[in-house]
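J.: For the sequence shown, the residue numbers in mature numbering (1 follows the signal peptide of the UniProt record, and there is no 0) are -20 to -1, 1 to 395. The beta carbon of each residue, even a glycine, is placed where N, CA and C say it ideally should be.
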Amino acid sequence: MKSRIALIGSAAVFALTVSACGGGSGDSSSEAIEFQTGLAVDASQRPVLEELTGEFEDANPDIDIDLRPTTGEFEKDIKVRLASGDVPDIFWTHGWSRDRYSEFLEPLGGQPWAEYFNPSLEAAMKTDDGEFFALPVDTDIAGIIYNATVLGAAGVAPEDITTWEAFDEAAQKVLDSGATPISVGGKDEYSGNVADWIAPGAFNEEELAQMEAGEFVAESYSNAMQPIDEWREKGYYNPDYVSATGDDMARAFAEDKAAFAFTSNSLVKNALAYNPDAQLGFIPVPSLNDEGPYLIGGERNAYGVAKDSDQKEAALKYLEFLAEPENLSKLATAFSATPGLTNAESDLGALQTSFETYVDGGEYPLVPYFDRVYLPNGMWDTMVTTTDALITGQSDPAGVTEQMAADFSSLFGQE
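1) Below 7 Å between beta carbons: does that hold for Gly52 and Thr367?
2) Where does the unbroken alpha helix (DSSP H) through Tyr338 begin, and where does it stop?
3) If I follow the unbroken alpha helix (DSSP H) through Phe388, where does it start and stop?
4) According to the neighbour-count rule (16 or more other Cβ atoms, all chains shown, within 10 Å of its Cβ), is Ser375 buried or exposed?
5) Under the three-state reduction of DSSP, which class applies to Glu279: helix, strand or coil?
6) My output table needs one value for Ile43: the three-state DSSP class, helix, strand or coil.
7) Which whole runs of the alpha helix (DSSP H) in the region 136 to 183 are 4 residues long or more, in chain order?
8) Judging by CA-CA distance, which residue of Ala193, Leu115, Leu260, Thr17 is the nearest neighbour of Gly320?
9) Is the beta carbon of Thr129 closer than 7 Å to that of Asp236?
10) Mind checking which residues open and close the alpha helix (DSSP H) that includes Phe54?
11) Between which two residues does the beta strand (DSSP E) containing Gln16 stretch?
12) What is the DSSP secondary structure of Trp93, counted as helix, strand or coil?
13) So, for Gly89: in the same chain, excluding its five sequence neighbours on each side, which residues have a beta-carbon less than 8 Å away from its beta-carbon?
14) Whole angstroms are fine: how far does the CA of Asp66 sit from the CA of Gly135?
15) Roughly how many whole angstroms lie between the Cα atoms of Glu55 and Ser202?
16) Which first and last residues belong to the alpha helix (DSSP H) in which Tyr344 is found?
17) Pull up the DSSP beta-bridge partners for Arg80, would you.
18) In the DSSP assignment, find the alpha helix (DSSP H) that holds Asn307 and state where it starts and stops.
19) Please report the distance separating the alpha-carbon of Glu382 from that of Met205.
20) Do the region 292 to 312 and the region 158 to 171 touch if we need at least three Cβ pairs shorter than 8 Å?
21) DSSP three-state call for residue 417: helix, strand or coil?
22) In the DSSP assignment, what residue or residues form a beta bridge with Thr119?
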């Protein structure tokens, strides 16, 4: 699945011929370990990774880590590189370490930190025999991000939003107050997230099983697209949707100009970098099938080591360093998420109340990202483009569903 962090930059930065900033004083060279980080050059989390990498290089002067920034075409670029055998020494697996990349990655079950693997990630990252292929930096638990200041000005209490009807009423009040109800970075493909968040609640268990078995349930998917289309008609999306980036979303929340966003909690971290006093949180996602609200979760920021890397042992040593409790705690805190290893801790900051309210009690089920489990490999691009067509008014739920069904049938047959 595509990153829920702002993906910015030119495809050129992905190329091996371009030198990127390392974490410490070591210069990039042909002997440096290439690490495709999944982070944009200006991502607020990047300085933490650079600092830790510098510490590692200082302690291991014979090892250089080349931290490569991401591009807006990360998923496509990495697919091409893997197909050609040009596998980065370490790379961000963006939710697909097991189901898409495991054949290229070194199994990590034997690493000294493996015993602390967070059990909540087992369903998303481990095989039937218990093996896994990436260091989980954090545990992805998300809902609908909200700005409490914007909602308060509109007379909305976030805890009252437990149905889509209540969400719609809240969005209208926000619009009437002069703020943007829903912020989506169309340029950075955040449109796909909107569909990914809503879709799980439009299907029942039997229908989800049908999807996993290769039968596209068109009616339920079309139902999931209805509110997205209706929000366009009501003017709920940011006017600059087409040109908006993930960074623009963060600024909108930092400046109290937007109320809701469908994306990971990294948006909160990025917004707080602009305005530490912003009052942000998240609520569970309402369901369309009357089964109650839910949270979205799974693998998010995780790093795998190429099994055929010439510098595999050094890369594994670096991963072991990142997995140290103090270091992983810093990374998880930077991503505003709970750690992927149980011996680490994180400061959830502005999101602490949301986690205590909606996560710690276990009342709300954690469902996987829809595209990772119920759609065949390659469908993310279709989900992005079709949802984008809805938001821009170029298509309707029926047309979007027809395109999704066609690509589902074609791609499922290739698996």
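T.: Here's the rundown:
1) Counting from one through the sequence shown, the residue named residue 52 turns up at place 72. Counting from one through the sequence shown, the residue named residue 367 turns up at place 387. Contact flag unset, no.
2) Against the sequence shown, residue 338 aligns to sequence position 358. Its alpha helix (DSSP H) spans residues 332 to 338.
3) If you number the sequence shown from 1, residue 388 lands on position 408. Element bounds for Phe388: 377 to 392.
4) For this step, residue 375 is matched to residue 395 along the sequence shown. The residue is buried, with at least 16 neighbouring Cβ atoms inside 10 Å.
5) Position 299 of the sequence shown, counted from the first residue, corresponds to residue 279. Three-state DSSP puts Glu279 in a strand.
6) Against the sequence shown, residue 43 aligns to sequence position 63. In this structure, Ile43 counts as coil in the three-state DSSP scheme.
7) 144 to 157, 171 to 178
8) By 1-based counting over the sequence shown, the position of residue 320 is 340. It is Leu115 whose Cα lies nearest to the Cα of Gly320.
9) What you label residue 236 is simply residue 256 of the sequence shown in a count that begins at 1. What you label residue 129 is simply residue 149 of the sequence shown in a count that begins at 1. Yes, these two residues count as a Cβ contact at 7 Å.
10) In the sequence shown, residue 54 corresponds to position 74, counting from 1. Here the alpha helix (DSSP H) through Phe54 covers 54 to 63.
11) Translated into positions along the sequence shown, residue 16 becomes position 36. Per DSSP, Gln16 belongs to the beta strand (DSSP E) from 13 to 16.
12) Taking the sequence shown and counting its residues from 1, the one referred to as residue 93 is at position 113. Residue state, collapsed to three classes: coil.
13) On the sequence shown, residue 89 is found 109 positions in, with the first residue counted as 1. Within the same chain, Gly89 has close Cβ partners Gly110, Glu111, Phe112.
14) Position 155 of the sequence shown, counting from 1, holds the residue named residue 135. Position 86 of the sequence shown, counting from 1, holds the residue named residue 66. Roughly 54 Å separates the two Cα atoms.
15) The residue you call residue 55 lines up with position 75 of the sequence shown. The residue you call residue 202 lines up with position 222 of the sequence shown. Approximately 26 Å, taken between the alpha carbons.
16) Numbered from its first residue, the sequence shown carries residue 344 at position 364. Here Tyr344 belongs to no alpha helix (DSSP H), and DSSP marks it neither H nor E.
17) Start at 1 with the first residue of the sequence shown, and residue 80 comes out as number 100. Arg80 pairs with nothing; no bridge assigned.
18) For the purposes of this step, residue 307 is taken as the residue at position 327 of the sequence shown. Unbroken alpha helix (DSSP H) run through Asn307: 305 to 314.
19) Numbered from 1 along the sequence shown, position 402 holds the residue referred to as residue 382. Numbered from 1 along the sequence shown, position 225 holds the residue referred to as residue 205. Spanning the two alpha carbons is a distance of roughly 12 Å.
20) no
21) No information on residue 417 is available, as it lies outside the stretch -20 to 395 that the chain covers here.
22) Here residue 119 corresponds to residue number 139 of the sequence shown, with the count starting at 1. Glu279, Thr318.
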